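Numbering-wise (my numbering), the sequence shown opens with residue 1 and increments by one.
Every residue, glycine too, gets a C-beta built ideally from N, C-alpha and C.
Treat the numbers as computed from the prediction; the structure is a model and nothing was measured.
Data first, discussion second: the structure below is written as structure tokens.
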Amino acid sequence: MKSHSEYREMAERVLPGGALGTRLSPEGLRWTIASASGSRITDVDGNEWIDYICGAGALILGHQHPAVVEAVQQQASRSMHQYGNLSDIAIELAAMVVDAIPGAERMIFTTTGSEATFYAMRAARAATGRTKILKFEGAFHGNHDYASVAVTPAEPSPYPRGMSFTSGAPQAAIDTVLIAPYNDPERLRQIATEHADDLAGIIIEPVQRIISPQPGFLQGVRSLCDELGTVLIFDEVVTGFRLAYGGAQEFFRVQADLAAYAKIVGGGGPVGCVVGKADLVDQAHPARSGNPGFVYASGTLHGNPLGAAAGLATLRELTTPGFYENLNDRTARLSEDIEGVLESHGRQAIVETVGSMWQILHMDESPRKYTDLLAADRSANVAFDTELLRQGINTIPGLRRFVSSAHTDQDFQETLEAVDRVCKIMKDRSED
Ligand SMILES: Cc1ncc(COP(=O)(O)O)c(C=O)c1O
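Below, the structure written as structure tokens:
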């Protein structure tokens with residue numbers, strides 16, 4: 001194996017910024033990861049971090065869970081790729097997913113979460129004969145043009161319009177996306193009813209990043225969709241199999257028409273899916289191909305057996321009685337303990353927590369919508385999290401983090417000690 005600096009040189013030559021995706025850590029905090037196990041990741045030089053990124057939430061069992069590794073190894077020796085024929089393992093996973101999700105009747109495979117939200121939007125347009133999709137300001141639904149609007153705007157959006165976060169997205173696509181503030185039922189109703197004639201669907205992250213829905217908000221969105229004949233799409237890419245086995249639909253007791261999944265459903269492998277009512281999902285029925293009303297949904301990696309093996313092994317573990325109670329309770333305790341440390345240093349910050357997701361936010365009370373986060377001291381969040389990285393805690397600065405079932409009490413203790421050190425460092429810095 002080469003050294004970290006040799007890998008950096010290689011990466012910088014061939015990858016923009018020597019980086020993966022949009023994450024460019026400060027110099028000195030760009031690692032080359034060699035391996036991972038349980039709650040920990042290790043770089044090529046042997047340094048170790050406690051990992052709270054957990055595959056952006058995909059690894060609810062932690063890294064290299066023995067059941068997942070064994071399933072993938074066995075599958076690799078049987079068949080790594082099938083196209084045009086369903087594999088036994090893909091059928092098993094599909095059945096397990098449909099059985100797990102409240103109200104689900106059918107699913108189609110995708111490779112990623114982005115693809116799942118893209119197909120869900122397409123299916124909503126096809127079913128209604130309408131064009132527009134309403135999304136919420138600050139919500140993330142992936143990398144495609146329709147998801148790119150009003151994701152991380154620096155200023156509040158001019159509702160119902162929003163700016164795309166990427167160049168190259170056609171204005172015609174951006175113009176089909178309506179933007180409303182999350183947790184604001186009145187504004188949502190006003191925008192949705194104004195565009196009702198052409199509103200195909202409303203897509204929502206049931207927990208928007210780390211912002212919880214206000215009591216009744218999701219139920220209100222459900223009723224509004226029924227009233228306007230609009231398709232309700234839950235983006236469960238993060239919340240699916242995370243908040244509960246039946247995802248946010250079970251956790252908040254609200255049923256969507258379509259739901260997009262990825263991450264945990266693939267156990268860390270390339271698997272996503274769109275799940276929902278038969279009449280909507282069956283628009284992708286192959287026998288309809290070439291006819292009006294057919295929704296194209298196909299890809300070389302769909303139902304990939306290696307990903308399906310990882311997903312199936314993961315979901316089986318999640319059916320262990322008490323799995324979610326235990327994970328969510330342990331996360332709540334960690335958050336309380338972190339809040340205690342922050343308080344002991346007089347730091348004006350809260351630990352926002354939903355299920356097994358948490359984030360330190362430098363604000364006085366829980367955010368209700370994206371603009372609350374804009375108004376808060378975001379640079380303090382990033383500075384604090386960046387310092388946590390230096391102290392051995394792997395997070396993406398300014399983003400929510402995940403607890404897995406592999407995190408131990410020892411990990412939590414070390415996390416608290418790291419938070420304590422960071423509080424002292426930040427205090428010293430502000431007094432300089
Ligand atoms: C809520 C949500 N939707 C969609 C996506 C896109 O998923 P993917 O990265 O698998 O394309 C993500 C990714 O983080 C996500 O968090």
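Please list, in chain order, all residues of the same chain as residue i whose beta carbon is under 6 Å from its beta carbon, the five residues on each side excluded.
i, result
"Ser35", "Thr42"
"Arg421", "Gln391"
"Gln219", "Val254"
"Gly437", "The requested residue 437 is not part of the displayed model; the chain covers only 1 to 432."
"Pro181", "Glu137, Arg187, Lys369"
Pull up the distance between the alpha-carbon of residue i and that of residue j, whole angstroms please.
i, j, result
"Ser157", "Arg368", "16 Å"
"Thr193", "Ile204", "17 Å"
"Val98", "Gln348", "44 Å"
"Leu312", "Val207", "25 Å"
"Thr22", "Val14", "15 Å"
"Leu342", "Ala376", "17 Å"
"Thr166", "Pro321", "44 Å"
"Arg378", "Thr371", "11 Å"
"Glu48", "Ile393", "9 Å"
"Ala332", "Gly355", "8 Å"
"Ile338", "Val419", "7 Å"
"Thr395", "Trp31", "13 Å"
"Pro215", "Gly103", "22 Å"
"Leu86", "His362", "49 Å"
"Arg40", "Leu61", "12 Å"
"Phe118", "Ala147", "8 Å"
"Cys225", "Asp257", "10 Å"
"Tyr83", "Gly299", "9 Å"
"Gly38", "Ile53", "12 Å"
According to DSSP, what are the bridge partners of residue i?
i, result
"Phe109", "Cys273"
"Glu365", "DSSP, once it has assigned bridges, lists no residue as partnering Glu365."
"Val351", "Ile360"
"Arg401", "Trp358"
"Leu199", "Lys132"
"Asn394", "Asp51"
"Ile204", "Phe234"
Ignore the nearest five residues each way along the sequence and tell me which others in residue i's own chain have a CB closer than 7 Å to its CB.
i, result
"Ala76", "Leu306"
"Leu59", "Gly268, Ser404"
"Ala248", "Pro206, Val207, Phe234, Glu236, Thr239"
"Ile50", "Ser39, Arg40, Gly392, Ile393, Asn394, Asp411, Glu414, Thr415"
For residue i, which of the options has the nearest alpha-carbon?
i, options, result
"Tyr296", "Ile210, Gln208, Ala120", "Ala120"
"Leu20", "Ala11, Val149, Glu27", "Ala11"
"Val351", "Val207, Pro181, Ala309, Ile360", "Ile360"
"His141", "Tyr261, Gln73, Arg222, Gln190", "Tyr261"
"Gly46", "Ile33, Thr117, Arg316", "Ile33"
"Thr176", "Lys135, Asn143, Tyr182, Ile211", "Lys135"
"Met426", "Gly276, Gln283, Asn381, Ser25", "Asn381"
"Lys263", "His4, Leu24, Gly57", "Gly57"
"Ser335", "Asn326, Leu318, Thr353, Ser344", "Thr353"
"Gly475", "Ala310, Asp198, Ile108", "Absent from the structure is residue 475, since the part of the chain shown begins at 1 and ends at 432."
Return the chain-ordered list of same chain residues with a C-beta closer than 8 Å to the C-beta of residue i, the five sequence neighbours on each side being excluded.
i, result
"Leu29", "Thr386, Leu389, Arg390"
"Gly398", "Arg378, Asn381, Val382, Asp385"
For this session: Give, in chain order, every unbroken run of the alpha helix (DSSP H) that is at least 4 residues long and sits entirely within the segment 208–268.
Result: Listed in chain order, they are 217–228, 247–251.
Problem set entry | Length at least 4, wholly inside the segment 148–186: the alpha helix (DSSP H) runs in chain order | 171–174, all fully within the segment 148–186.
For this session: Identify every run of the beta strand (DSSP E) within the segment 288–322, keeping only runs that are complete inside it and at least 3 residues long; order them along the chain.
Result: Listed in chain order, the beta strand (DSSP E) runs fully inside the segment 288–322 amount to none, counting runs of at least 3 residues.
For this session: Just list the beta strand (DSSP E) runs in the segment 17–85, keeping only unbroken ones of 3 residues or longer that don't cross its boundaries, in chain order.
Result: 33–37, 40–43, 48–51, all fully within the segment 17–85.
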